[in-house]
Every structure is written in structure tokens, then in C-alpha cells.
Amino acid sequence: KKIKFIILAVITILIYTSCQQIFTYSALEWAQRDPSSLPPAQQIAYAERILSSGDTEAMASAYAVIDDLVAADPGNVELQLLAADLAIGGSGITDAIANLDLNDLENSVETILASIDLDLVAASAEHVVAAEAIDSSAISEDQYLNTGLILLAKAADEAGDFATLNGITISDPADELGEATLIQAHTFILNGGGDIADYGITITVW
């Protein structure tokens, strides 16, 4: 249940953020195009426009295109971050949050989790982590916070459950299951202006 809470927190924050990025025009004409044969610069322009459209299926398709560009140029921080945003958009989070029933949260969360592509959610975090290693100044607070929460859920999964993380003392270097990811989550959440304690976790790092 705690892990579900964290994922739900991720969903809520990401939806709030993504809503700021959705413009009013329709990208349907662009979404129907096949970008695979376009030159890289036009593929990027296509992906950026699709990102602004809020079209989940189109963003998932555009992510595949941009992910190929990232593979060819992994040191490009702008491509990494574009891929991260497309992965989140294409994961189905926007559609899922619309179906959230606060009066039946348990079943609603189950429905949401079943409808989200968690692989794309995880991929989004991986791209932001890669971008941070290239140029940390390029990462926005929202991207740091969102990724930190995704990493927190990942740490809980690695540790076996959420409760295992609470009250943990982390050695340096971290050598226990989930600890390295938890340290990274802690750092990203701080860089995003948050506090890991806000999500029910108290840790000591030494």
C-alpha cells in the first residue's frame, strides 16, 4: 500500500506538471505522420510538438523515435530530457489520473496501475538520471522531484517493501539492497525542493 501511495504521489505531481505543458492546439495531423524517415532535426521538432499535444499514443511512438536518437548520442542532455518527458507522457499517466476515484481509492489505484506503462515511467527516470550526469544545471526542479519519487518507488521495490526503507541507516558506500537507489532518490527529491520525509521516509546517511 505504501508503494502504491508513492506511485500515486508520482502520478499526482507529474500530472500537475504535465498539465502546464499542454497547449490548446491539436496535433492530430502531426500524430498521424510517420517520423521514422525524417532527418533527426525534424524528428526532434515532431517529438516536441507531439509532447505539447498531450496525445498519449503519439507520445509513446515519438518516444521510440527519440530514444533511438539518444542511443546514437547519449551525451546530448536535451535529447535525454526530451525522451524523459515523452516517456512520462506516453506512459498513460494523464489518461489514468482522469479515472482516479477518490471515493474508492484502493480499487482506483489498482485500475490506474494496470493502465500505466510502468516501463515508460522507469525509462523517464533513467533519462533524467543520465541527463543529470551530463549537465545537472539542465534539470528542472520538477524533473528532479518527479524522478526522485520514481526512484523512491524503485528503492522500495528493490528492498522488498516500503517499510524496510523507513528508519534505515545508509552506509557509504551503500551496499544493501535498495540503499544506492534510496540515496539517489533522496538527493533528487532534495534538488527538486522536496524532502523525503514528506513521503513517510526517515533515513540517516553516514
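According to my numbering, the sequence shown is numbered sequentially starting from 89.
Cβ coordinates follow ideal geometry from the N, Cα and C atoms, glycine included.
Because the structure is a prediction, the values reported are computed rather than measured.
Which listed residue (A171, G282, I271 and L240) has its alpha carbon closest to that of E229: Position 141 of the sequence shown, counted from the first residue, corresponds to residue 229. It is G282.
Nearest to L239 (by Cα), restricted to the options Q272, A221, A135 and D207: Taking the sequence shown and counting its residues from 1, the one referred to as residue 239 is at position 151. By alpha-carbon distance to L239, the top candidate from Q272, A221, A135 and D207 is Q272.
Paired residues, beta bridge with T252 - DSSP: For this step, residue 252 is matched to residue 164 along the sequence shown. Paired residue(s): none; T252 is not in a bridge.
Whether A40 touches L208 by CB criterion (8 Å): Coverage of the chain is limited to positions 89 through 294, which leaves residue 40 absent and any answer about it impossible.
Supposed contact pair T144 and G177 - C-beta distance, whole angstroms, cut 8 Å: Translated into positions along the sequence shown, residue 177 becomes position 89. Translated into positions along the sequence shown, residue 144 becomes position 56. That belief holds up - the Cβ atoms of G177 and T144 are roughly 7 Å apart, short of 8 Å.
Contacting residues, own chain, Cβ-Cβ under 7 Å from S124 (five flanking each side not counted): As a first step, residue 124 is located in the sequence shown; it is residue number 36 there, counting from the start. Taken in chain order, the residues that qualify are V153.
Cut-off 7 Å between Cβ atoms - residues of its own chain near I227, not counting five sequence neighbours on either side: Along the sequence shown, read from residue 1 onward, the residue named residue 227 stands at position 139. Answer for I227: V216, A219 and E220, listed in chain order.
Among P128, D173, A159 and L233, the one whose alpha carbon lies nearest that of L139: Here residue 139 is taken as the residue at index 51 of the sequence shown, counted from 1. Here the closest residue by C-alpha is D173.
Segments assigned alpha helix (DSSP H), at least 4 residues, entirely inside the segment 175-241: Entirely contained in the segment 175-241, the alpha helix (DSSP H) runs reaching 4 residues are, in chain order, 181-185, 193-203 and 206-222.
Residues near G255 in its chain [Cβ-Cβ closer than 7 Å; skip 5 each side]: As a working mapping, residue 255 is identified with position 167 in the sequence shown. Cβ neighbours of G255 beyond the five flanking positions: T290.
Own chain, CB closer than 7 Å to A202, minus 5 neighbours either side, in chain order: Walking along the sequence shown from the start, residue 202 turns up at place 114. Cβ neighbours of A202 beyond the five flanking positions: none.
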